[in-house]
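Going left to right, the sequence shown walks through residues 1 to 174 as full-length UniProt numbering numbers them.
Built from N, CA and C at the ideal position, the CB exists for glycine as well.
All of these numbers come straight from a predicted model, not from anything done at the bench.
Below: the structure, in structure tokens.
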Amino acid sequence: MTRTDYRLFAALALSVTLHLLPLLPYFITHPAQPESARPLQAELRNPPPADQPSPPLKLPEPPKPAENAKPRPQKPAPAAPPKTLSQAVREHLKRLDAAGQFYPAEAIARGLEGDVQVLLVLDESGKVVAARVEQSSGHALLDDAALKAVRSLSSIPADSPRDTLLWLRFRLKQ
């Protein structure tokens with residue numbers, strides 16, 4: 001073979017290779033892709049109810065003090081047991097919902113529903129310092145309403161965690 005023959009053979013081989021390249025994906029098998037994992041979801045749940053205390057024992061009535069005795073100062077009634085973070089949030093959201101300020105009217109009219117996960121950041125006294133959407137509902141109206149509701153929280157127990165993830169559920173009543 002002459003040198004020209006080799007060049008012709010190389011040009012033909014290169015042409016055939018280039019023409020077969022678009023067909024290459026049909027001959028290569030790809031491994032099956034694993035299914036994506038479901039996102040982690042959390043819900044606020046009420047703690048189990050505390051055991052009912054036994055009824056207090058009845059003590060005999062103390063003798064009546066004499067009229068000239070000085071009256072004892074009354075002790076203030078014991079304060080209500082401190083609320084948990086989830087109780088405080090639920091109460092606040094119920095008040096907003098009763099006032100018609102939780103579920104946006106436009107979202108109701110459009111039939112939007114969804115769940116929004118919000119990261120709530122508190123300072124030492126329990127005031128809301130920051131809030132941001134961690135997982136969107138897919139609707140900006142609902143995400144904005146969730147942030148507005150969480151930022152308006154005011155009566156949060158001071159012993160609550162500083163960073164808390166909250167799920168807010170927007171469902172239309174049927």
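In this structure, residue 122 lies away from residue 150, with their beta-carbon atoms at least 8 Å apart.
When the beta-carbon positions are compared, residue 172 and residue 113 come within less than 8 Å of each other. In chain order, 156, 157, 160, 161, 164 place their CB closer than 8 Å to the CB of residue 85, counting only its own chain and leaving out the 5 sequence neighbours on each side. Judged by their CB atoms, residue 168 and residue 118 are nearer to each other than the 8 Å cut-off. Under the three-state reduction of DSSP, residue 165 is assigned to strand. With 16 or more other CB atoms across the displayed protein chains lying within 10 angstroms of its CB, residue 137 is buried.
For residue 142, the CB contacts under 7 Å within the same chain, skipping 5 residues up- and downstream, are 107, 112, 114, 116, 170 in chain order. Taking the Cα positions, residue 14 is about 14 Å away from residue 22. Here residue 89 is buried: its Cβ has 16 or more other Cβ atoms, across all protein chains shown, within 10 Å. Boundaries of the beta strand (DSSP E) harbouring residue 122: 114–122, taken from the DSSP string.
When the Cα atoms are used, residue 132 and residue 147 turn out to be separated by approximately 7 Å. Residue pairing for residue 170: DSSP places it in a beta bridge opposite 114.
Membership of residue 135 in the beta strand (DSSP E) is indicated by the continuous run 128–135. Burial is judged here by how many other beta carbons sit within 10 angstroms of a residue's own beta carbon; residue 8 has fewer than 16 and is exposed.
Taking all protein chains in view, the Cβ of residue 145 is crowded by 16 or more other Cβ atoms within 10 Å, so the residue is classified as buried.
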